[in-house]
Amino acid sequence: MEAVDGAGATAGAAAIGPCATIPVEHMEFIRQTLDRIGDKWSLLIIAVLASGPLRYTDLQRQVPGISQRMLSLTLRQLGQDGLITRTAYAEVPPRVEYALAPLGRGLHEIVTSLIGWAADHHDEIRANRERAATTGS
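Residue numbers (my numbering): 3 to 139.
Structure below.
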């Protein structure tokens, strides 16, 4: 049983704002989902796969700085959430391709906007960080 305060709001639920429409019992899962799709590697992989299916090594080349371990982990997690598909072809040598699933394609525009925003504001953010580091704030 959830506690209700004097104003009739459920304890732990937001009273106003965008979180107010989300049932409190869904919040933990939503935070986990946002954490997963919002990490740097997931965003970049989703953006790269928007151009079409890619093999593992092609993905690794197009996402600079990602280790094999992180690429494997991120691909597995994105697959578990239904954002990407993994197709193994019975060929010699074996071939595996990764592609955006319909759920992942729905994120593409959002992801591209976030990456574009970060790129557009790179210099301004860097200057703000340097200014904060020198002023100690």
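Think of the CB as a built atom: it goes at the ideal place given N, C-alpha and C, for glycine as much as any other residue.
- Rounded to whole angstroms, the gap between the alpha carbons of L85 and A16 is 29 angstroms.
- Cβ contact annotation for D83 (same chain, cutoff 8 angstroms, sequence separation greater than five): T35, R38, I39 and L105, in chain order.
- For V50, the secondary structure class from DSSP, reduced to helix, strand or coil, is helix.
- I112 carries a helical assignment under DSSP once its states are collapsed to helix, strand and coil.
- Remark: C-beta atoms of I48 and L116 do not approach each other more closely than 8 angstroms.
- The way I'd put it, the region 55-67 does touch the region 92-100; three or more beta-carbon pairs between them come closer than 8 angstroms.
- A direct Cα-Cα distance of roughly 26 angstroms separates R78 from G118.
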